[in-house]
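**Student:** Quick one: this structure, given as structure tokens, is what I'll be asking you about.
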Amino acid sequence: MKIAIPLIENIGEDSRISEHFGHAPYFAFLDLKENKEYSYEIEKNPLENHSTGEIPQYMHEKGVELMVVRGIGMKAINVFENLNIQVIRGVDGTLKEIIEAISSNNLKDRDYTVKSKYHDQGV
1 MKIAIPLIEN IGEDSRISEH FGHAPYFAFL DLKENKEYSY EIEKNPLENH STGEIPQYMH
61 EKGVELMVVR GIGMKAINVF ENLNIQVIRG VDGTLKEIIE AISSNNLKDR DYTVKSKYHD
121 QGV
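Below, the structure is given as structure tokens:
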């Protein structure tokens, strides 16, 4: 399964999830195998200044099946769903913690209100 996670920094598995997916400076692309082995790449967000639908389309083109986010708007969720990309909201932590939660089936979708849409405000 290919999973995308927006990050506020690029420091490997210690990178923290971004407050809002669309304005994240980086994305982790996680390839999770059925045997729970995984690999990931962290890439700079090429669409940090984007219009509605551009990031979901970008994720679709990259083969993403699951988008793990902290905060996201309903318009974006609808676009992701129309592209058959599942969204899990309200997630917190580092890339390593998120990978562990996914691998152990402990990642839950939660309502979350974005406190600031820009990554420089922290998480």
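Everything in the sequence shown is counted per full-length UniProt numbering, starting at 1 for the first residue and increasing by one.
Ideal Cβ positions, reconstructed from N, Cα and C, are used throughout, including at glycine.
1. From the DSSP output, which residues share a beta bridge with ASP68?
2. Using DSSP with H/G/I as helix, E/B as strand and the rest coil, what is LEU83?
3. Counting beta carbon pairs with one atom in the region 28-45 and one in the region 85-92, are three or more of them shorter than 8 Å?
4. Which first and last residues belong to the alpha helix (DSSP H) in which ILE98 is found?
5. Beta carbon of SER18, beta carbon of LEU32: below 8 Å?
**Tutor:** So, from the listed chains and residues:
1. Per the sequence shown, the amino acid found at residue 68 is Val instead of Asp. Beta-bridge pairing links VAL68 to ILE88.
2. DSSP places LEU83 outside both helix and strand once states are collapsed to three, so it counts as coil.
3. They do not touch, by the three-pair rule.
4. Membership of ILE98 in the alpha helix (DSSP H) is indicated by the continuous run 95-103.
5. Taking C-beta atoms as the reference points, SER18 and LEU32 fail to come closer than 8 Å.
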